[in-house]
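As structure tokens, the structure follows; a few thoughts come after it.
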Amino acid sequence: SKADISLSYVTALLAKGISVMSVNYRLSPEVIVPNHYLDCARAIQYARHNVAVFNIDPDRIGASGSSAGGLTAFWLNFHNDLADPANADSVLRQTSRLKGVACWSGQTTVDIRVAPVWVAPIVLDFTSYFKGTIFGMPPESLKTPAGYALQELASPAQHVTADDPPVWMYYSYTAPPANSSEAIHHVGFGNGLKHLMDSLGLASSILTPAYTGSVTDSAVNFFRQRFGMTVAAAPEEGMAPTDFRLEQNYPNPFNPSTTIAFTVPPGEHQVALTIFDLLGREVVLLVNGKLSGGRYETLWDAQDHRSGIFFSRLFINGQSTVKKMLYLK
206 SKADISLSYV
216 TALLAKGISV
226 MSVNYRLSPE
236 VIVPNHYLDC
246 ARAIQYARHN
256 VAVFNIDPDR
266 IGASGSSAGG
276 LTAFWLNFHN
286 DLADPANADS
296 VLRQTSRLKG
306 VACWSGQTTV
316 DIRVAPVWVA
326 PIVLDFTSYF
336 KGTIFGMPPE
346 SLKTPAGYAL
356 QELASPAQHV
366 TADDPPVWMY
376 YSYTAPPANS
386 SEAIHHVGFG
396 NGLKHLMDSL
406 GLASSILTPA
416 YTGSVTDSAV
426 NFFRQRFGMT
436 VAAAPEEGMA
446 PTDFRLEQNY
456 PNPFNPSTTI
466 AFTVPPGEHQ
476 VALTIFDLLG
486 REVVLLVNGK
496 LSGGRYETLW
506 DAQDHRSGIF
516 FSRLFINGQS
526 TVKKMLYLK
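So this is what it looks like as structure tokens:
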């Protein structure tokens, strides 16, 4: 659901110039696989069909998700292109291929013959996947040729080929799972996929709680590398955090105007202060020029825009910081 998207992750992506589109998809029992995946594939195709509207590069699109969202992103990453050039629907003529995916605790197989081997037998107690719900059939039908065929169709690992994009993965559960909830989010899914990708010479990485860096930054940098963007270096020596600061706008929430204050480090610097909407589209460039060190304030009047979530981004010396703002009419 769009309601569950991590705003800290969105903020980090936007701060690095990566637009974000959050996608809802239909759930079971309303639909069965692969319709959940196809809903999201169409969203990707829709974005490509509207690149001029969204101001995005159609060749630099990735996907991200957690748990079932990760399962969906994995499937889209590995499945053959779903483009149908002869389709009357111009959206469905677009390619569904991605540059890569970053997934948290995602499942890489929903095959009852594979999951217990990669994770543990207790994983089969997870009802939604392994009792037939997403397949639209009773549990006993899963062990039939038709049942196995549908499980293979729905399993991302089943579609891996040597021309597929890289993946970035994070899993919080690494110890033997104590219950089906831990099992369905277990690193065994990632290890199984990584072993398969390694055998084909494909790039993949797995992070766990043992990783001491910023998991969010790692995921963002994965996409920046895949999109051919420069990964930011460490801040220049001598530049204290207090020298470079974007303050929370005031008031917040606001209607219709708000004040945004920021601090520029000593010396003269090229400074840009930009407002973006939730989709990462630039709304207005408030400041763009050279400023000397000091504290500045600027007023943004949003009366010509719809209410909703916006982001202010301060960009100085190749570094940026972002604040979320809420406009309520």
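Counting from 206, one number per residue, gives the positions in the sequence shown under this note's numbering.
We put the beta carbon where it would ideally sit given N, CA and C, even for glycine.
- Between residue 272 and residue 310, the C-beta gap is smaller than 8 Å, which places the two residues in contact.
- Bridge partners of residue 375 according to DSSP: 309, 412.
- Here the segment 413 to 427 does not lie against the segment 351 to 360, with fewer than 3 beta-carbon pairs under 8 Å apart.
- Taking C-alpha positions only, residue 304 is separated from residue 295 by approximately 22 Å.
- Inclusion of residue 245 and residue 216 in the CB contact set at 8 Å is not warranted, their separation being larger than that value.
- The segment 390 to 400 and the segment 313 to 320 touch, with three or more beta-carbon pairs separated by less than 8 Å.
- Per DSSP, the continuous beta strand (DSSP E) segment holding residue 462 begins and ends at 462 to 482.
- According to the DSSP assignment, residue 215 belongs to no beta strand (DSSP E) but to the alpha helix (DSSP H) extending over 212 to 220.
- In the structure shown, the three-state DSSP call for residue 530 is strand.
- Judged by DSSP secondary structure, residue 418 falls outside any alpha helix (DSSP H); it is assigned neither H nor E.
- For residue 353, no beta strand (DSSP E) run applies; the uninterrupted alpha helix (DSSP H) run containing it begins and ends at 350 to 359, by DSSP.
- Distance between residue 283 and residue 473, taken at the CA atoms: about 48 Å.
- A Cβ-Cβ distance of about 25 Å is found for the pair residue 378 and residue 364, leaving them out of contact under the 8 Å criterion.
- Setting aside the 5 residues that flank it on each side, residue 454 is surrounded in the same chain by 463, 464, 465, 517, 528, 530, each with a C-beta closer than 7 Å to its C-beta; the list follows chain order.
- Contact annotation, residue 493 with residue 507: C-beta distance approximately 19 Å; criterion of less than 8 Å not satisfied.
- Apart from the 5 residues on each side of it in sequence, residue 459 sits with its Cβ closer than 8 Å to the Cβ of 507, 530, 531, 532, 533 in its chain, given in chain order.
- Residue 431 is positioned such that its CB atom lies no closer than 8 Å to that of residue 343.
- Residue range 385 to 388 is occupied by the alpha helix (DSSP H) that includes residue 385.
- Taking C-beta atoms under 8 Å as the contact rule, residue 521 and residue 505 fail to qualify, at a distance of about 18 Å.
- With a beta-carbon spacing of about 5 Å, residue 307 and residue 427 fall inside the 8 Å limit used to define contacts.
- About 5 Å separates the beta carbon of residue 451 from that of residue 467, a gap short enough to meet the 8 Å contact definition.
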